[in-house]
Amino acid sequence: MERGFGHVALIADHEVVVAAAQEIDAAFWPVGLQVARGWTSDADWFTLREGIEVKRREFVNIARKHLTAPGPPLARLTGRPSSDDQIWKLRRPCPPHSMR
Numbered sequence: 003m004e005r006g007f008g009h010v011a012l013i014a015d016h017e018v019v020v021a022a023a024q025e026i027d028a029a030f031w032p033v034g035l036q037v038a039r040g041w042t043s044d045a046d047w048f049t050l051r052e053g054i055e056v057k058r059r060e061f062v063n064i065a066r067k068h069l070t071a072p073g074p075p076l077a078r079l080t081g082r083p084s085s086d087d088q089i090w091k092l093r094r095p096c097p098p099h100s101m102r
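Just so we're aligned: the sequence shown equals residues 3 to 102 in this note's numbering.
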């Protein structure tokens with residue numbers, strides 16, 4: 003990920019674009035450290051991820067504003083279901099025990 007931010011810093015001539023990319027990187031660090039140290043649970047993941055997603059969306063909108071033709075800001079970046087979508091409650095059923 004850091005290489006990608008380095009590329010942004012190399013090619014983006016707008017300080018605000020580079021700063022927005024650095025904010026994504028800054029949002030990753032505490033999450034990565036919490037996960038690596040085992041200080042989080044699966045239930046925490048959506049909350050932790052949300053801060054990173056907000057920074058990603060802000061970066062894209064800032065980059066679009068400064069580096070491309072004008073257009074409306076994006077409300078979403080991906081088609082990923084929201085954290086409260088029912089799909090996240092789906093679980094793979096346990097296979098029936100085989101009887102020998």
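Virtual Cβ for every residue (Gly too), placed ideally from N, Cα, C. Note that the coordinates shown come from a computational prediction; the quantities given were computed from them, not determined experimentally.
With 16 or more other Cβ atoms from the protein chains shown falling within 10 Å of its own Cβ, F61 counts as buried.
Runs of the alpha helix (DSSP H) lying entirely within the stretch 42 to 93, each at least 4 residues long, are 47 to 69 in chain order. Classified as exposed, A38 has fewer than 16 neighbouring CB atoms from the shown chains inside 10 Å of its CB. Cβ neighbours of W31 within its own chain (closer than 6 Å, five residues either side excluded): none. Under the 10 Å beta carbon count, V18 is surrounded by fewer than 16 other beta carbons and is classified as exposed. Taking the Cα of P74 as reference, the smallest distance to any Cα among L50, T80, I64, R82 is reached at I64.
The C-alpha of I89 is placed about 21 Å away from the C-alpha of A77.
By the neighbour-count criterion, in which 16 or more other beta carbons inside 10 Å mark a residue as buried, V56 falls on the exposed side.
One alpha carbon belongs to P72, the other to A45, and they sit about 39 Å apart.
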